[in-house]
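**Q**
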Amino acid sequence: MSTDVSTTMLPRPFAVPGSAREPVPSPTLADALAALAGSTDIEAGRRKTWVAAISTTAKWIGRPPGQIPASLPKLRPLITALTPVTTGRSAKTLANTKSLVKAALTHLGLHRRVRSDGAPLAPEWQALYDQLPDKRSRNGLSRFIHYASRLGVTPDHVDQQILDRFVGELEASGEVAHVAHRHRDTAVLWNRAVSTIPGWPQTMLAEPTVDRTGKRLAPGRLHPELQSDVDRYLRWASGVDFMDDDAPAKGCKKSTLRLRREQLRIAASSLVATGMLVSEITSLRDLVDPVRVRALLTKMIEGSRAEVRAFVRGVAISLVALAKWCDVDPKDLAEIKRLSGKLGTQPRGLTEKNRALLNKFEDERILQSLLGLPAKLAAEARRTQSPARRVQRMQIALFLELLLGIPLRLQNLSQLEFGKHLLRPGGPGKPMQLVFNSDEVKNDQSMIFDVPATTQLFIDEYSKHFRPFLDTGISEHLFITQGGKPKSPDSLRHGVTMAVKRHVGIHMTPHQFRHLAAKLMLDANPGAYLLVQHLLGHKNFKTTVAFYAESQARNAGRVFDEVLAELRTSKKKT
Numbered sequence: 122m123s124t125d126v127s128t129t130m131l132p133r134p135f136a137v138p139g140s141a142r143e144p145v146p147s148p149t150l151a152d153a154l155a156a157l158a159g160s161t162d163i164e165a166g167r168r169k170t171w172v173a174a175i176s177t178t179a180k181w182i183g184r185p186p187g188q189i190p191a192s193l194p195k196l197r198p199l200i201t202a203l204t205p206v207t208t209g210r211s212a213k214t215l216a217n218t219k220s221l222v223k224a225a226l227t228h229l230g231l232h233r234r235v236r237s238d239g240a241p242l243a244p245e246w247q248a249l250y251d252q253l254p255d256k257r258s259r260n261g262l263s264r265f266i267h268y269a270s271r272l273g274v275t276p277d278h279v280d281q282q283i284l285d286r287f288v289g290e291l292e293a294s295g296e297v298a299h300v301a302h303r304h305r306d307t308a309v310l311w312n313r314a315v316s317t318i319p320g321w322p323q324t325m326l327a328e329p330t331v332d333r334t335g336k337r338l339a340p341g342r343l344h345p346e347l348q349s350d351v352d353r354y355l356r357w358a359s360g361v362d363f364m365d366d367d368a369p370a371k372g373c374k375k376s377t378l379r380l381r382r383e384q385l386r387i388a389a390s391s392l393v394a395t396g397m398l399v400s401e402i403t404s405l406r407d408l409v410d411p412v413r414v415r416a417l418l419t420k421m422i423e424g425s426r427a428e429v430r431a432f433v434r435g436v437a438i439s440l441v442a443l444a445k446w447c448d449v450d451p452k453d454l455a456e457i458k459r460l461s462g463k464l465g466t467q468p469r470g471l472t473e474k475n476r477a478l479l480n481k482f483e484d485e486r487i488l489q490s491l492l493g494l495p496a497k498l499a500a501e502a503r504r505t506q507s508p509a510r511r512v513q514r515m516q517i518a519l520f521l522e523l524l525l526g527i528p529l530r531l532q533n534l535s536q537l538e539f540g541k542h543l544l545r546p547g548g549p550g551k552p553m554q555l556v557f558n559s560d561e562v563k564n565d566q567s568m569i570f571d572v573p574a575t576t577q578l579f580i581d582e583y584s585k586h587f588r589p590f591l592d593t594g595i596s597e598h599l600f601i602t603q604g605g606k607p608k609s610p611d612s613l614r615h616g617v618t619m620a621v622k623r624h625v626g627i628h629m630t631p632h633q634f635r636h637l638a639a640k641l642m643l644d645a646n647p648g649a650y651l652l653v654q655h656l657l658g659h660k661n662f663k664t665t666v667a668f669y670a671e672s673q674a675r676n677a678g679r680v681f682d683e684v685l686a687e688l689r690t691s692k693k694k695t
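Residue numbering for the sequence shown follows my numbering, starting at 122 and increasing by one per position.
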C-alpha cells in the first residue's frame, strides 16, 4: 500500500479527479525526499536506496532537489539528457538509477504508471494475448491489454472510451515520448486483430491521423509533366548546354542541383498540403504563381524552428530564380521577391542549435569522449565476430577519424577514392595526402591536406584487414558496400550520428564537426580566422569571420585577462 503523502507533499494535479481546488505548485524532488523520510510503510533498505537515487540524480542534473520537478513528463527531458559521459557512471548504473527514481515516484503517487506492473493478465486477456501472431502485435498491444486487465475491463467491454482513457493516462505518465504514435499504433493493431483473429472482440477503435512533421511527396508522386519540367529546368541550370543562347553564365554544381530538386519537391508538397491536388500542379509555372507562393511559404513556416525558417528562406530564393526562368510577368516577379523578402535575410553567425552544441564541448569529458571515439569503435570492430558488422563498425570509426582530423564536407569525405583523392607521392608506406580538384569542391579551388599520422594508420588497417571482406572488385572507393558499390553519404551520416549519440550522449551531424573544428582552432589560436578558412575550405574569408567571429568574445576576454595579468606582474616587479 502506497504511503499517504497528502500531508507531506504538495497535492498532485490528478490526486482528486474533478476537484475544484485552487491550482497548487507542482511537487519537486525535494518533496519526494521529504515524503520518503516521513514514510512508515517502506522497508528501510529500499527507502535508503530510493533517497540515494533521487539525491544522486539531482546532483547529476546540477540543481537543488527543490528546483527539479517530480512529475515524470517534466522530469523526463532532464534525466534523458544524462549520459555515462556527463555523469561519469556506466550505462548500467545510470539506467538503474533512473529506474529507482521512477519506482520511488510511482510509490509516492507522483508517477502514474500505465505500463504493466508485473501482475498476471486476467485469463480471458491472456487467452487473447497468446493468439497475437507476431512480435509487433504483442509489443504494440501489451501495454493496452495489461492496462485493461488491471482495470478489470473484460475484452468484450473495450470501447473507444477505454482507449481514450488509456491514452490520457499514458500522456500524463510521461512513460512514452510519442503518445500520438502509440495511440494510432494501438488502434491499428487492435483493429487488425478484430479482422484476423477468431474470437477477438468485434469493437473497432478509431484510428487517429498522425500529422508527421516534414511529410513530403515522394518523387514518383509528382505529376509526370511537372517532373519533366523539373528535369528540363535543372538541365538548363547545370550549364551542360552552354552554347545555347539562354544558357546560364555559370552552371550549378551537382550538389546545388540536388538541393534545387529537393526544394522544388518540397514546394510542390507544401502546395498539396494546403489542399491542392497533385493533378493541379503540372508545370513549374504552377509553383511561381504569387498566390500559390504565398500559400506554400505560409504552410512551410507554420510553427517552424529557426533552422527550418532558414531552409524555407532558401526555398523562397530558389522560387525567385525559378520565376525568372519561367519569365513570369514583372509584377508577379516583384510580388514573389517581396514575399521572399518577408522571410528576412540569412542571420550572421552560428544558429542557436549549433551554438548550443558547441557549448557542450566546454565540458572536457564530452570533448575527450568524442576525440577518443574512433579508437573505441575500432577496438569494438576488431572484437566483432560477424565480418559484415566488423567492416561496418570500422567504417564508422574511420569516418569519424576523418571528420575530426580533416573536417571537410560529407559529400567529399564519403566519396574518397584511392589513387584519386588518397595519394602517397613518396611511394608506399610514405606520408599520405588528401587531394581534391577544383571541380569537386564547393569553393572551386583545389585542396591538398596532409593526412594525420593516426588517420593514416586507420586507413591502412581498414584497407588491409577490413575492406577486402566486401568483395571490392575493381572499386577504388574508400567507403563501399558489398560488391564495391560506393557507400551512400546518408548511410555514413546515420552511422556517425547514431555512434556519437550512443557513446557520447549528444546529437551531432557530420557537418557540425566543421563547427567544432573551428571552435577548437580558435580556442587554441584566438583570431586565427585565416587558418580556419583554409581548414574548412571557405572560398571567402568574410564567410569564416561571419560564422565564427560572434562566438569569439569569450576568447577575446581571456586573452585580455592575460594581458592585464602580465601588466600587473610587470608593475609589481618595477
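C-beta: ideal position from N, C-alpha, C; glycine also.
1. Using the C-alpha atoms, what's the distance from Leu392 back to Arg386?
2. Note down the Cα distance separating Gln577 from His228, rounded to an integer number of angstroms.
3. Spell out a yes or no on whether the stretch 560-570 and the stretch 506-517 are touching, meaning 3 or more CB-CB pairs, one atom from each, closer than 8 Å.
4. Could you check the C-alpha separation between Trp321 and Met421 for me, to the nearest Å?
5. Going by other Cβ atoms of all chains shown within 10 Å of its Cβ, with 16 needed for buried, is Ile595 buried or exposed?
6. Could you spell out the range, first to last residue, of the alpha helix (DSSP H) harbouring Ile94?
7. Do Leu378 and Leu355 have their beta-carbon atoms positioned less than 8 Å apart in this structure?
8. Alpha carbon to alpha carbon, how far is Asn558 from Lys374?
9. Is it true that the stretch 467-482 meets the stretch 667-674, where meeting means three or more beta-carbon pairs spaced less than 8 Å apart?
10. In whole angstroms, what is the alpha-carbon distance linking Asn519 and Arg614?
11. Out of Phe363, His632, Ala639 and Ala151, which one is the CA nearest neighbour of Pro190?
12. Span of the alpha helix (DSSP H) holding Ile580?
13. Buried or exposed: where does Gln252 fall if 16 or more other Cβ atoms within 10 Å of its Cβ makes it buried?
14. Buried or exposed: Gly159, going by 16 or more other Cβ atoms within 10 Å of its Cβ?
15. Figure out for me which residue from Thr324, Leu537, Asp571 and Gly648 has the closest Cα to the Cα of Lys551.
16. Do the stretch 644-653 and the stretch 621-635 meet, that is, are 3 or more Cβ pairs less than 8 Å apart?
17. Excluding the 5 residues preceding and the 5 following Asn475 in the sequence, name in chain order all residues of the same chain whose CB lies nearer than 7 Å to its CB.
18. Roughly how many angstroms separate the alpha carbons of Phe579 and Phe587, rounded to a whole number?
19. Compute the distance between the beta-carbons of Leu652 and Pro528, then report whether it is under 8 Å.
20. To the nearest angstrom, report how far apart Gln536 and Pro546 are at their CA atoms.
21. Can you list the alpha helix (DSSP H) stretches of 4 or more residues lying completely in the stretch 231-293, in chain order?
22. Count the other C-beta atoms from every protein chain shown that fall within 10 angstroms of the C-beta of Gly187, then say buried if there are 16 or more, exposed otherwise.
23. Could you pull out every residue in the same chain whose Cβ sits closer than 6 Å to the Cβ of Ala314, ignoring the five residues on either side in sequence?
24. Just to confirm, are Leu498 and Ala620 a CB contact at a threshold of 8 Å?
25. Per the contact definition of three or more C-beta pairs closer than 8 Å, is the stretch 441-448 in contact with the stretch 601-609?
26. Pull the bridge partners of His598 from the DSSP assignment, please.
27. Taking Ala301 and Leu326 to be in contact with their CB atoms under 8 Å, please state how far apart those CB atoms are, rounded to whole angstroms.
28. Between Lys640 and Phe482, how many whole angstroms is the CB-CB distance? I'm expecting something under 8 Å.
29. Taking the alpha-carbon of Thr395 as reference, which of Arg415, Val409, Gln532 and Ile487 has the nearest alpha-carbon?
30. Leu215 to Ala153, Cα distance in whole Å?
31. In angstroms with no decimal places, state the Cα-to-Cα distance between Asp352 and Ser612.
32. Pull up the distance between the alpha-carbon of Arg197 and that of Lys541, whole angstroms please.
33. Can you tell me whether Leu699 is buried or exposed? The criterion is at least 16 other CB atoms within 10 Å of its CB, across all chains shown.
34. Could you check what DSSP says for Val680 in three-state terms: helix, strand or coil?
35. Once the 5 residues before and after Leu531 are set aside, which same chain residues still bring their CB inside 8 Å of it?
**A** Checking against the coordinates, here is how it stands:
1. Position 265 of the sequence shown holds residue 386. Position 271 of the sequence shown holds residue 392. Answer to the nearest angstrom: the Cα atoms are 10 Å apart.
2. Taking the sequence shown and counting its residues from 1, the one referred to as residue 577 is at position 456. Taking the sequence shown and counting its residues from 1, the one referred to as residue 228 is at position 107. The alpha-carbon atoms of Gln577 and His228 are separated by roughly 56 Å.
3. no
4. Taking the sequence shown and counting its residues from 1, one reaches residue 321 at position 200. Taking the sequence shown and counting its residues from 1, one reaches residue 421 at position 300. Between Trp321 and Met421, the C-alpha separation is close to 43 Å.
5. One-based indexing of the sequence shown puts residue 595 at position 474. It counts as exposed.
6. Nothing about residue 94 can be reported from this structure: the residues present for the chain run from 122 to 695 only.
7. Working through the sequence shown from its first residue, we reach residue 355 at position 234. Working through the sequence shown from its first residue, we reach residue 378 at position 257. The answer is yes: Cβ separation under 8 Å.
8. In the sequence shown, the residue the question calls residue 558 occupies position 437. In the sequence shown, the residue the question calls residue 374 occupies position 253. So the alpha carbons of these two residues sit roughly 13 Å apart.
9. yes
10. By 1-based counting over the sequence shown, the position of residue 519 is 398. By 1-based counting over the sequence shown, the position of residue 614 is 493. Residue identity differs from the one stated: residue 519 is Leu in this sequence, not Asn. If I take the Cα positions, the gap works out to 13 Å.
11. For the purposes of this step, residue 190 is identified with residue 69 of the sequence shown, where counting begins at 1. Checking every option, the nearest Cα to that of Pro190 belongs to Ala151.
12. One-based indexing of the sequence shown puts residue 580 at position 459. Counting along the chain, the alpha helix (DSSP H) containing Ile580 begins and ends at Ala574 to His586.
13. Residue numbering aside, residue 252 sits at position 131 when the sequence shown is read from its first letter. Exposed, because fewer than 16 other Cβ atoms sit within 10 Å of the Cβ of Gln252.
14. In the sequence shown, counting from the first residue as 1, residue 159 sits at position 38. Exposed, since its Cβ has fewer than 16 Cβ neighbours within 10 Å.
15. Within the sequence shown, residue 551 is the residue found at index 430, counting from 1. Cα-wise, what sits closest to Lys551 is Asp571.
16. no
17. Position 354 of the sequence shown holds residue 475. Once the five neighbours on either side are set aside, the close Cβ partners of Asn475 are Gln633 and His636.
18. Working through the sequence shown from its first residue, we reach residue 579 at position 458. Working through the sequence shown from its first residue, we reach residue 587 at position 466. Approximately 11 Å between the Cα atoms of the pair.
19. For the purposes of this step, residue 652 is taken as the residue at position 531 of the sequence shown. For the purposes of this step, residue 528 is taken as the residue at position 407 of the sequence shown. No.
20. For the purposes of this step, residue 536 is taken as residue 415 along the sequence shown, with counting starting at 1. For the purposes of this step, residue 546 is taken as residue 425 along the sequence shown, with counting starting at 1. Rounded to the nearest angstrom, the two C-alpha atoms are 20 Å apart.
21. 244-250 and 256-272
22. The residue you call residue 187 lines up with position 66 of the sequence shown. The residue is exposed, with fewer than 16 neighbouring Cβ atoms inside 10 Å.
23. Counting from one through the sequence shown, the residue named residue 314 turns up at place 193. Here the set comprises Trp321.
24. Here residue 498 refers to the residue found at position 377 when the sequence shown is read from its first residue. Here residue 620 refers to the residue found at position 499 when the sequence shown is read from its first residue. Going by C-beta atoms, Leu498 is nearer than 8 Å to Ala620.
25. no
26. Counting from one through the sequence shown, the residue named residue 598 turns up at place 477. His598 pairs with Glu538.
27. Within the sequence shown, numbered from 1, the residue matching residue 301 stands at position 180. Within the sequence shown, numbered from 1, the residue matching residue 326 stands at position 205. Contact flag wrong, Cβ pair sits at about 15 Å.
28. If you number the sequence shown from 1, residue 640 lands on position 519. If you number the sequence shown from 1, residue 482 lands on position 361. So it is a contact: roughly 7 Å between Cβ atoms.
29. On the sequence shown, position 274 is the one that residue 395 refers to. When only C-alpha atoms are compared, the closest one is Arg415.
30. In the sequence shown, the residue the question calls residue 215 occupies position 94. In the sequence shown, the residue the question calls residue 153 occupies position 32. Roughly 20 Å separates the two Cα atoms.
31. The residue labelled residue 352 in the question sits at position 231 within the sequence shown. The residue labelled residue 612 in the question sits at position 491 within the sequence shown. Cα to Cα, the separation comes out at about 26 Å.
32. If you number the sequence shown from 1, residue 197 lands on position 76. If you number the sequence shown from 1, residue 541 lands on position 420. The alpha-carbon atoms of Arg197 and Lys541 are separated by roughly 49 Å.
33. The requested residue 699 is not part of the displayed model; the chain covers only 122 to 695.
34. Counting from one through the sequence shown, the residue named residue 680 turns up at place 559. In this structure, Val680 counts as helix in the three-state DSSP scheme.
35. The residue you call residue 531 lines up with position 410 of the sequence shown. Here the set comprises Pro610, Leu613, Arg614, Pro631 and His632.
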